[in-house]
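Residue numbers (this note's numbering), protein chains in the order written: chain A, 116 to 381; chain B, 4 to 321.
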């Protein structure tokens, strides 16, 4: 029987955007899209796509659906999971959905999963690189009433359940999770694969399936935020570095050590 | 009055964690704070280590878990419902991140993670948290109760004042079904000095170019009595184990001296070390971000700078 996996994926500003290009419009409390740097799929979500593909590589019969909530999707970015090998792309695409908070995002995802499911596994990245909260996937498990394992670094099918390794501060836990379950995948899983040419060609022919809020039976009033964003700003750094210069680089190393000793730091 | 439920954690030796002591400082900054510290799990002896100023009550709940915090989430949710605090505070540990999020969504409460400042009172709590990997700060207001918060490690000074809280205990909730089961916990051998506790951290990044240079960094760390850290790029490349990763998705360290070797200083990395007393940078690119965060720096090739630095430190320490 086919194992249906849904991977949650978010479109985010490229975290590799150079700091000089990272700008905020303080009048709207939002990040200005950097010039010439297109958005990407959150890198941690690609770890989750990779985890699903590893189950397939290990011989499991899986169908991998990528699900995203947002607006102004950039298809070149959002099709990357398809190019890596995912089967379907489902977008909940409606005005303002790129600005809702985690609680509202969970509501939309739960409704989309209700409509497009049932799924045997729900995978998400450990957090998104824009708001860095790590709330959505954990919250979704609560709202759907499903078991949750966070920070999964390794997974394999074991009969009807999933055998997992979960990262903890000084080691790992060996965990067995039933299906359906919600898992967050961490970057310790390893680098996501690069799409190959065949994958890119296949992805280019696939069309995303698109839901609006109305399709999911939701309205704006369901999406009111729990937290009010009052201010978003780039903190000023007033640190002044003291550069140590010697006669050559080796001498700089010596002088650095002496300077730290003088400052009683070592 | 602001009633606060503060979920305290304990280390393997049974001592209250630095994170919990920091959380008490944070809690006391809310107006007219009434703090109840919750001890989850085996509470024996915990009351004495929570005898700190500001804690009015220590509340123990029994929560034996062999799942992923399922029982403790259920027990805490019941306690929050019965005591209706204005604010629930966790450290942003593994435990706090998972249980805080589950609790908030279970109770349909507002949730703010990784806070570095908090103020206000019940019904109107303001929090500041880093976003976009630390490139920006966001200030939020939470007007509903309870507000569930997790706090960044090192963002608040641990409290040192003593107090004399009263101790009460609650019966746990009915045992909940453990669905995802933990069958084994494997501790990976760590160095003699834990990264999180080290007074000196020597970290290497992508610019090292491979795994071998970490032996030089290890030599330096050993001479200083410190630990070795790394950027995520170096860990993901497989040059060093992920347990050494410092940063937003790795460990948070606050040593006296943080020596960053061939690390560019992306905000995601700095999120894990910015509370160090002094950051020392060695990087050949004088424009790299690390020099905006460092107190001392050398612009140069680490292969030339580090050996003489190590030799001099060794002489000074001899």
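Glycine included, C-beta positions come from ideal geometry on N, C-alpha and C. Small disclaimer: the values here were computed from a predicted structure and weren't measured.
Here's the rule: buried if 16 or more other CB atoms are within 10 angstroms of the residue's CB, otherwise exposed. What is residue i?
| i | result |
| --- | --- |
| residue 135 of chain A | exposed |
| residue 280 of chain B | exposed |
| residue 189 of chain A | exposed |
| residue 311 of chain A | exposed |
| residue 186 of chain B | exposed |
| residue 190 of chain B | exposed |
| residue 216 of chain B | buried |
| residue 162 of chain A | buried |
| residue 153 of chain A | exposed |
| residue 84 of chain B | exposed |
| residue 204 of chain A | buried |
| residue 378 of chain A | exposed |
| residue 270 of chain A | buried |
| residue 69 of chain B | exposed |
| residue 217 of chain A | buried |
Put residue i into one of helix, strand or coil per three-state DSSP.
| i | result |
| --- | --- |
| residue 25 of chain B | helix |
| residue 15 of chain B | coil |
| residue 181 of chain B | coil |
| residue 135 of chain B | helix |
| residue 305 of chain A | coil |
| residue 119 of chain A | strand |
| residue 244 of chain B | coil |
| residue 306 of chain B | helix |
| residue 272 of chain B | helix |
| residue 76 of chain B | helix |
| residue 198 of chain A | helix |
| residue 321 of chain A | coil |
| residue 208 of chain A | strand |
| residue 60 of chain B | strand |
| residue 254 of chain B | strand |
| residue 155 of chain B | coil |
| residue 333 of chain A | coil |
| residue 210 of chain B | helix |
| residue 169 of chain B | strand |
| residue 367 of chain A | helix |
| residue 314 of chain B | helix |
| residue 340 of chain B | This structure cannot settle anything about residue 340 of chain B, because the visible part of chain B is limited to 4 through 321. |
| residue 86 of chain B | helix |
| residue 374 of chain A | helix |
| residue 221 of chain A | helix |
| residue 217 of chain B | helix |
| residue 192 of chain A | helix |
| residue 314 of chain A | helix |
| residue 92 of chain B | strand |
| residue 254 of chain A | helix |
| residue 150 of chain B | strand |
| residue 54 of chain B | coil |
Name the one or two DSSP bridge partners that residue i has.
| i | result |
| --- | --- |
| residue 228 of chain B | DSSP output for residue 228 of chain B lists no bridge partner at all. |
| residue 287 of chain A | A:282, B:189 |
| residue 273 of chain A | A:276 |
| residue 234 of chain B | The partner list for residue 234 of chain B (beta bridge, DSSP) is empty, contrary to what the question assumes. |
| residue 36 of chain B | B:5 |
| residue 203 of chain A | A:180 |
| residue 357 of chain A | B:299 |
| residue 298 of chain A | A:238, A:264 |
| residue 286 of chain B | B:302 |
| residue 347 of chain A | B:141 |
| residue 260 of chain B | B:203, B:281 |
| residue 292 of chain A | A:277 |
| residue 43 of chain B | B:64 |
| residue 326 of chain A | A:207 |
| residue 129 of chain B | B:122, B:144 |
| residue 126 of chain A | A:156 |
| residue 185 of chain A | A:208 |
Given the structure, does residue i come close to the ligand NAP, in the sense that its CB is under 7 angstroms from one of the ligand's heavy atoms?
| i | result |
| --- | --- |
| residue 38 of chain B | Ligands are entirely absent from the displayed structure, and the ligand NAP is therefore not among its contents. |
Along the segment 250–264 of chain B, where does the CB come closer than 7 angstroms to a CB of chain A? Name the residues.
Under the 7 angstroms Cβ criterion, the segment 250–264 of chain B contributes 251, 252, 259, 260.
Output the residue ranges of the beta strand (DSSP E) runs that lie fully inside the segment 96–126 of chain B and measure 3 residues or longer, sorted by chain position.
Here the runs fully enclosed are 113–118, 120–124.
What residues in the segment 343–360 of chain A have a beta carbon less than 7 angstroms from any beta carbon of chain B?
Cβ contacts with chain B come from 343, 344, 345, 346, 347, 348, 349, 350, 352, 354, 356, 357, 358, 359.
Return the residues of the segment 292–303 of chain A that lie within a Cβ-Cβ distance of less than 8 angstroms from chain B, sorted by chain order.
Close to chain B, meaning a Cβ-Cβ distance shorter than 8 angstroms, are the following residues of the segment 292–303 of chain A: 292, 293, 296, 301, 302, 303.
What are the residues of the segment 59–75 of chain B that lie near chain A, defined by any Cβ-Cβ distance shorter than 7 angstroms?
Considering only beta carbons, the part of the segment 59–75 of chain B lying closer than 7 angstroms to chain A consists of 71, in chain order.
Length-filtered (3 minimum) beta strand (DSSP E) runs lying within the segment 132–175 of chain A:
List check, beta strand (DSSP E) in window: 138–140, 145–147.
Using a Cβ-Cβ cut-off of less than 9 angstroms, give me the residues of the segment 107–132 of chain B that come near chain A, in sequence order.
Flagged, chain order: 107, 108, 109, 111, 112, 113, 114, 115, 116, 117, 129, 130, 131, 132.
Anything in the segment 155–168 of chain A with a Cβ closer than 9 angstroms to a Cβ of chain B? List those residues in chain order, please.
Residues 159.
Using a Cβ-Cβ cutoff of 9 angstroms, what residues of the segment 134–149 of chain B are near chain A? List them in chain order.
The segment 134–149 of chain B vs chain A, Cβ under 9 angstroms: 134, 135, 136, 137, 138, 139, 140, 141, 142, 143, 144, 145, 146, 147.
Near-chain A residues of the segment 176–191 of chain B (beta-carbon distance less than 8 angstroms), N- to C-terminal order
Residues passing the 8 angstroms Cβ filter: 182, 183, 184, 185, 186, 187, 188, 189, 190, 191.
Proximal residues, the segment 261–273 of chain A versus chain B, C-beta separation under 7 angstroms
Answer in chain order: 262, 263, 264, 265.
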